[in-house]
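Peer 1: The structure's right below; bear with me while I get my questions together.
Residue numbers (the numbering used here): 17 to 127.
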């Protein structure tokens with residue numbers, strides 16, 4: 017079982033739902049941190065969801081979390097596991113810039 021620690025970042029500038037991270041085939045991703053920073057004085061709301069591909073269902077992690085301008089927050093209190101092909105998605109209420117950083121551990125599944 018191979019383990020890698022990784023990070024992915026995204027600057028949101030639209031109100032469209034955006035895929036942040038998709039678990040590859042034959043891997044599980046353990047998300048340790050989702051950090052969101054507002055890049056201005058606006059106060060947007062943000063929603064995080066996980067699409068469980070094996071169940072063909074989408075579940076909300078955080079719904080309409082109101083952010084404060086020019087600040088950063090941590091979204092997770094505990095880790096979240098994405099199984100292969102599950103997707104972490106985010107939607108913002110504003111077109112103003114939000115920076116999101118996701119820190120995770122990728123675990124390769126044995127054949």
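Note that CB positions come from ideal geometry on N, CA and C, so glycine has one too.
(1) Pair every Cβ in the region 71-90 with every Cβ in the region 30-44, then say whether three or more of these pairs are closer than 8 Å.
(2) Are the region 101-117 and the region 47-64 in contact at 8 Å, needing three or more beta carbon pairs?
(3) What's the gap between the Cα of residue 92 and the Cα of residue 66?
(4) Please state if the CB of residue 97 and the CB of residue 46 are separated by a distance shorter than 9 Å.
(5) In terms of alpha-carbon separation, which member of 100, 104, 56 lies closest to residue 84?
(6) Please list the terminal residues of the continuous beta strand (DSSP E) segment that includes residue 48.
(7) For residue 36, which of 49, 121, 114, 106 has the nearest alpha-carbon?
(8) Taking Cβ positions, are residue 121 and residue 52 nearer each other than 9 Å?
(9) Given 8 Å as the limit, tell me if residue 121 has its C-beta closer than that to any heavy atom belonging to the ligand NAP.
(10) The beta strand (DSSP E) that contains residue 99, what's its start and end?
(11) According to DSSP, is residue 121 helix, strand or coil?
(12) Judging by CA-CA distance, which residue of 118, 114, 101, 115 is the nearest neighbour of residue 125?
Peer 2: Working from what's here:
(1) No: fewer than three Cβ pairs fall under 8 Å.
(2) Pairwise C-beta distances place the region 101-117 in contact with the region 47-64, as three or more of them are shorter than 8 Å.
(3) Each residue's alpha carbon lies about 13 Å from the other.
(4) In this structure, residue 97 lies closer than 9 Å to residue 46 by Cβ.
(5) For residue 84, the closest of 100, 104, 56 by C-alpha to C-alpha distance is 56.
(6) For residue 48, the uninterrupted beta strand (DSSP E) run begins and ends at 43-54, by DSSP.
(7) Checking every option, the nearest Cα to that of residue 36 belongs to 106.
(8) No, the Cβ-Cβ distance between residue 121 and residue 52 is not below 9 Å.
(9) The ligand NAP is not among the ligands present in this structure, which contains no ligands whatsoever.
(10) Neither: residue 99 is in no beta strand (DSSP E) and is coded neither H nor E.
(11) In the three-state reduction of the DSSP assignment, residue 121 falls in the strand class, which pools E and B.
(12) Of the candidates 118, 114, 101, 115, 101 places its Cα closest to the Cα of residue 125.
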